[in-house]
Structure formats: structure tokens, C-alpha cells
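Taken in order, these protein sequences are the chains called A and B.
All letters in the first sequence, in the order written, are residues 0 to 263 by numbering that gives the first Met the number 0.
All letters in the second sequence, in the order written, are residues 0 to 119 by numbering that gives the first Met the number 0.
We treat Cβ as the ideally placed atom computed from N, Cα and C, and that holds for glycine.
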Amino acid sequence: MCEACGCATSGAAVTILGAAGTVHARPGAKLVDVGQRLTSDNDAMAAHVREHLISHGVLALNLMSSPGAGKTSLLEATIDALAGRLRVAVIEGDLETDNDARRIRAKGVEAIQITTGGACHLDATMVHDAIHALDLASIDVLFIENVGNLVCPAGFDLGQWANVALLSVTEGDDKPAKYPVLFRHADAVLLTKTDLLGAIDDFSPEAAERHVRNLANPAPVLRLSARRPATLTPWIDWLETHRERLSQLRPTPRRQAAELATAS
Amino acid sequence: MHEVGLCRSLLRMAERTAAEHGACRIVGVTVRVGPLAGVDGAQLARAFEVVRVGTIAEGAHFTLQTPPLVVRCARCGADSNASPGDLRCLACGSANVRLTSGDQLDLLQVELAEVENEAA
């Protein structure tokens with residue numbers, strides 16, 4: 000029993016081994032090798048979600064950033080830019096409230112709100128349950144707006160096609176160096192609120208990009224402002240490119256038929 | 000913050016292993032957490048103390064292995080211990096590197112109390 004407070008947890012039962020320590024079984028015990036990632040249950044669910052989304056031709060993007068970097072504003076502007084070109088749906092992850100989902104619905108786009116009730120990130124099971132509420136046949140792009148947080152979301156695969164990290168110019172340009180786990184795996188980095196750059200003298204887009212490169216990440220670093228629709232063009236092009244790649248990957252009925260014909 | 004959730008999945012994996020081996024008690028777990036795992040090993044250990052209460056792992060010892068961060072440079076071939084926020088090769092400065100160690104987040108081993116198979 001813990002001597003400090005009398006709880007049932009016995010403290011100090013921790014050994015830190017360093018790089019290559021060995022554990023020896025205690026008398027009467029045996030060691031069994033497991034060698035699995037702690038996230039393997041989530042990873043298995045994410046693989047299932049990914050396969051499901053790809054087979055329906057849905058481009059799923061996991062949007063991650065700190066709170067207030069402009070994820071919802073970007074989505075509103077992106078929905079306007081894609082109108083008539085690609086059909087969009089949104090999964091909104093927030094600790095509390097459905098304010099963001101209501102903003103998206105006001106654009107005439109379907110939005111599923113996941114309220115995590117304190118959990119600091121979305122996981123693959125939450126996304127799995129949410130996509131069951133969507134008609135995937137009527138969607139081209141599914142944006143998954145993760146909980147605003149640069150730490151926890153990075154560790155959990157949701158079954159997305161690609162990760163998109165947002166960094167607003169009102170934050171530090173060294174955020175990629177401070178949160179390498181998240182920015183290392185970003186497939187696109189969006190520097191947002193660039194309309195404010197004139198009023199901010201301590202954010203360098205070049206430095207932000209350099210910090211991303213120093214993480215051995217070759218992802219495009221795009222500068223945009225949700226308030227300046229013309230600046231969205233490279234982002235929209237990026238979306239179209241990935242949508243094209245996904246449709247090439249997805250076996251079309253015709254290609255399946257051709258494969259069947261050659262196999263027989 | 001997400002260390003508690005990860006500990007629950009750690010516990011599930013350990014309990015599954017115990018069930019596969021017909022063991023009724025888990026006396027230890029060994030976890031490997033690299034500097035780029037996005038998880039704090041000490042916090043994981045603390046969370047485990049809470050999560051294990053009332054389970055077959057109650058009182059189980061937590062062993063933390065902390066592997067180094069190593070990148071291999073595609074330009075000069077050197078292995079170096081880069082830092083998490085700057086993965087460039089320490090030998091030539093190239094960012095064309097591949098992480099060979101550092102993002103581990105694994106349950107390596109579970110230590111189970113032996114049961115008398117003959118008695119079954």
C-alpha cells in the first residue's frame with residue numbers, strides 16, 4: 000500500500016533500463032515476448048477504416064493543429080472553393096460543443112460532431128463510428144478535424160489517406176521543432192492566416208519551412224489565408240492531385256473485370 | 000494526457016498474453032519508448048500504477064526501456080544521434096535521413112506467474 004496516501008497502488012515499482020537492458024524472470028515467473036506497438040488495436044481499426052474509405056473512393060484527410068490555428072475557417076473557405084467540383088463531408092472532433100459542426104452545416108455540408116468529453120485526440124474507433132453515419136457514395140473528400148492539440152493526435156492513426164498540419168503565423172515558426180512527432184508525419188503543412196504577416200514581425204515562413212525540412216519531411220509547405228480565396232489555389236491543387244492518386248489506386252469495376260478476364 | 004489510454008491498451012495486450020498462456024497473474028511488463036514516440040515513459044509508468052489496480056496485473060513491475068534516437072544519412076551513410084526537433088545528420092548536416100531508432104512505443108515482454116500445467 001502507498002505510504003503517502005494509503006491508496007492501493009504501490010509506488011516505485013518502476014525500473015528504467017536505458018537502451019539495451021535485459022529483464023530476468025523472477026523465481027516462479029516466466030517471460031513472454033510480445034513485441035507489439037501499444038497502439039496496435041487502434042492501428043488495426045485504422046487500417047480497416049482506411050480500406051473502407053479508399054474502396055469508396057473517399058479522400059480522407061486528418062487535419063491537425065493547435066487550438067485556434069484556423070482549421071474550421073480553412074474548411075469553410077475550402078468548401079466554398081470546392082463547390083461544384085468535389086463533394087465534401089466533415090467529421091468534427093472537439094472536447095465540448097458542436098459549434099464547429101454548426102459552422103460547417105451552415106455551408107450546406109454534412110458534418111458529424113464527435114465530442115470527446117475531455118479526450119485529447121480522436122481515435123480510429125471514433126472515426127469508424129462516425130463514418131457509419133455518412134453516405135460514402137455521395138462524398139469525394141472527407142475532412143477529419145482533429146481536436147486542437149499538437150501532441151496527442153499525432154500518436155493515433157485514424158485511417159486517413161494523408162495528414163495535414165496547420166501552423167498559423169500568430170504562433171512560433173519553430174513549432175515544427177517543438178512538436179516533431181506531429182510535423183514529421185505531415186503530408187502537407189499549411190501556414191495559415193498569412194494575411195496577418197504584415198502585422199507580425201517575428202514569424203518567418205522560410206524558417207517554418209526550414210524546421211519542417213530538418214525533420215526529414217519533404218512535404219509541401221503552403222502559405223494561405225482563409226480570408227483571401229486566391230491564396231487557396233496551391234492547397235486546392237494539392238487536394239485535386241491526391242484525389243487523382245486515390246482514384247488511380249482504387250480498382251474500378253472495369254479494371255477488376257479486366258483482371259478477372261486475364262486471370263481466367 | 001493520452002498516457003492513460005495507452006496504458007489501458009497495454010493492459011489489454013498483457014491480459015490477452017496471460018490468457019493465451021493460461022496465467023492468472025501478471026507480475027511485470029517491459030515497455031520500450033523512444034524519444035520520438037510522442038509519449039513520456041515516466042508518465043506511462045505512473046498511469047500504469049493507476050490502470051492496473053483491481054486487475055490481474057495489480058502490483059506488476061513496470062520496466063521501461065529507452066532506446067536512443069538514431070538516424071541514418073542517405074548522403075554520407077553515417078549513423079548519428081540526432082535530436083528529436085532536428086533530425087539532420089550530425090556528420091554532414093543533410094536532412095536526407097531515415098530514422099532507424101527513436102519512435103518505438105512497444106510492449107516488449109510480459110512476465111507471468113507460472114502455473115502448474117500438470118495440475119490442470
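Where the alpha helix (DSSP H) containing residue i begins and where it ends
{"i": "residue 71 of chain B", "result": "Unbroken run through residue 71 of chain B is the beta strand (DSSP E), 69-72; no alpha helix (DSSP H)."}
{"i": "residue 47 of chain B", "result": "40-50"}
{"i": "residue 4 of chain B", "result": "2-19"}
{"i": "residue 211 of chain A", "result": "204-212"}
{"i": "residue 43 of chain A", "result": "39-54"}
{"i": "residue 174 of chain A", "result": "174-177"}
{"i": "residue 161 of chain A", "result": "No alpha helix (DSSP H) contains residue 161 of chain A, which is instead part of the beta strand (DSSP E) from 161-167."}
{"i": "residue 79 of chain A", "result": "70-81"}
{"i": "residue 104 of chain A", "result": "98-104"}
{"i": "residue 239 of chain A", "result": "232-248"}
{"i": "residue 120 of chain A", "result": "Per DSSP, residue 120 of chain A belongs to no alpha helix (DSSP H) and is neither H nor E."}
Integer-rounded CB distance, given that residue j should sit under 8 Å from residue i
{"i": "residue 120 of chain B", "j": "residue 14 of chain A", "result": "With chain B covering 0 to 119 only, the question about residue 120 of chain B has no answer from this structure."}
{"i": "residue 198 of chain B", "j": "residue 99 of chain B", "result": "Given a span of 0 to 119 for chain B in the structure shown, any question on residue 198 of chain B remains unanswerable."}
{"i": "residue 170 of chain A", "j": "residue 68 of chain A", "result": "7 Å"}
{"i": "residue 44 of chain A", "j": "residue 181 of chain A", "result": "Between residue 181 of chain A and residue 44 of chain A the Cβ distance is about 20 Å, and since that is not below 8 Å, they are no contact."}
{"i": "residue 92 of chain A", "j": "residue 113 of chain A", "result": "5 Å"}
{"i": "residue 309 of chain A", "j": "residue 149 of chain A", "result": "Not covered by the structure: residue 309 of chain A. The range shown for chain A is 0 to 263."}
{"i": "residue 47 of chain B", "j": "residue 9 of chain B", "result": "7 Å"}
{"i": "residue 179 of chain A", "j": "residue 104 of chain B", "result": "The pair is not a contact, with the Cβ atoms about 15 Å apart (cut-off 8 Å)."}
Beta-carbon proximity of residue i to residue j, cut-off 8 Å
{"i": "residue 103 of chain A", "j": "residue 48 of chain A", "result": "no"}
{"i": "residue 154 of chain A", "j": "residue 33 of chain B", "result": "no"}
{"i": "residue 87 of chain A", "j": "residue 108 of chain A", "result": "yes"}
{"i": "residue 166 of chain A", "j": "residue 174 of chain A", "result": "yes"}
{"i": "residue 59 of chain A", "j": "residue 52 of chain A", "result": "yes"}
{"i": "residue 130 of chain B", "j": "residue 212 of chain A", "result": "Given a span of 0 to 119 for chain B in the structure shown, any question on residue 130 of chain B remains unanswerable."}
{"i": "residue 80 of chain A", "j": "residue 248 of chain A", "result": "no"}
{"i": "residue 146 of chain A", "j": "residue 120 of chain A", "result": "yes"}
{"i": "residue 303 of chain A", "j": "residue 136 of chain A", "result": "With chain A covering only 0 through 263, there is no way to say anything about residue 303 of chain A."}
{"i": "residue 72 of chain A", "j": "residue 225 of chain A", "result": "yes"}
{"i": "residue 26 of chain B", "j": "residue 25 of chain A", "result": "yes"}
{"i": "residue 168 of chain A", "j": "residue 193 of chain A", "result": "yes"}
Distance, residue j Cα to residue i Cα
{"i": "residue 280 of chain A", "j": "residue 172 of chain A", "result": "Since the displayed chain A opens at 0 and closes at 263, residue 280 of chain A lies outside it and no answer follows."}
{"i": "residue 140 of chain A", "j": "residue 98 of chain A", "result": "21 Å"}
{"i": "residue 115 of chain A", "j": "residue 76 of chain B", "result": "45 Å"}
{"i": "residue 8 of chain A", "j": "residue 50 of chain B", "result": "In this prediction, residue 8 of chain A has a pLDDT of 46, which is less than 50 and means its spatial position is unreliable; what the coordinates show is noted afterwards. Roughly 10 Å separates the two Cα atoms."}
{"i": "residue 2 of chain B", "j": "residue 186 of chain A", "result": "25 Å"}
{"i": "residue 12 of chain A", "j": "residue 44 of chain B", "result": "9 Å"}
{"i": "residue 37 of chain A", "j": "residue 197 of chain A", "result": "45 Å"}
{"i": "residue 142 of chain A", "j": "residue 70 of chain A", "result": "10 Å"}
{"i": "residue 82 of chain B", "j": "residue 24 of chain B", "result": "39 Å"}
{"i": "residue 59 of chain B", "j": "residue 12 of chain B", "result": "14 Å"}
{"i": "residue 74 of chain A", "j": "residue 96 of chain A", "result": "18 Å"}
{"i": "residue 89 of chain B", "j": "residue 71 of chain B", "result": "10 Å"}
{"i": "residue 42 of chain B", "j": "residue 6 of chain B", "result": "10 Å"}
{"i": "residue 161 of chain A", "j": "residue 21 of chain A", "result": "38 Å"}
{"i": "residue 90 of chain A", "j": "residue 40 of chain B", "result": "31 Å"}
{"i": "residue 17 of chain B", "j": "residue 157 of chain A", "result": "29 Å"}
{"i": "residue 132 of chain A", "j": "residue 111 of chain A", "result": "8 Å"}
{"i": "residue 233 of chain A", "j": "residue 219 of chain A", "result": "10 Å"}
{"i": "residue 10 of chain A", "j": "residue 84 of chain A", "result": "Because the pLDDT at residue 10 of chain A is just 46, under 50, the model does not fix this residue reliably, and the point stays unresolved."}
{"i": "residue 4 of chain B", "j": "residue 50 of chain A", "result": "25 Å"}
{"i": "residue 140 of chain B", "j": "residue 68 of chain B", "result": "Past the edges of chain B, shown from 0 to 119, lies residue 140 of chain B, and the structure says nothing about it."}
{"i": "residue 18 of chain A", "j": "residue 245 of chain A", "result": "40 Å"}
{"i": "residue 6 of chain A", "j": "residue 124 of chain A", "result": "Note that residue 6 of chain A scores 46 on pLDDT, short of 50, meaning its location in the model is unreliable; the coordinates nonetheless yield the value given after this. Between residue 6 of chain A and residue 124 of chain A, the C-alpha separation is close to 33 Å."}
{"i": "residue 30 of chain B", "j": "residue 64 of chain B", "result": "6 Å"}
{"i": "residue 119 of chain B", "j": "residue 40 of chain A", "result": "Caution applies to residue 119 of chain B, whose pLDDT of 39 falls short of 50 and renders its modelled position unreliable; the model cannot decide the point."}
{"i": "residue 2 of chain A", "j": "residue 14 of chain B", "result": "For residue 2 of chain A, the predicted model reports a pLDDT of 46, less than 50, meaning its position is unreliable and no value from the coordinates is stated."}
{"i": "residue 34 of chain A", "j": "residue 61 of chain A", "result": "28 Å"}
{"i": "residue 122 of chain A", "j": "residue 73 of chain B", "result": "34 Å"}
{"i": "residue 16 of chain A", "j": "residue 80 of chain B", "result": "18 Å"}
Residue i, enclosing beta strand (DSSP E) - first and last residue
{"i": "residue 100 of chain B", "result": "96-100"}
{"i": "residue 61 of chain A", "result": "58-63"}
{"i": "residue 32 of chain A", "result": "28-36"}
{"i": "residue 88 of chain A", "result": "87-93"}
{"i": "residue 103 of chain B", "result": "That residue, residue 103 of chain B, is in no beta strand (DSSP E); it is neither H nor E in DSSP."}
{"i": "residue 29 of chain B", "result": "25-32"}
{"i": "residue 114 of chain A", "result": "109-114"}
{"i": "residue 61 of chain B", "result": "60-64"}
{"i": "residue 149 of chain A", "result": "Counting along the chain, residue 149 of chain A falls outside any beta strand (DSSP E), and DSSP gives it neither H nor E."}
{"i": "residue 17 of chain A", "result": "13-17"}
{"i": "residue 191 of chain A", "result": "187-191"}
{"i": "residue 143 of chain A", "result": "140-144"}
{"i": "residue 222 of chain A", "result": "220-222"}
Contact the segment 94-113 of chain B vs the segment 27-37 of chain A: 3+ CB pairs below 8 Å: yes
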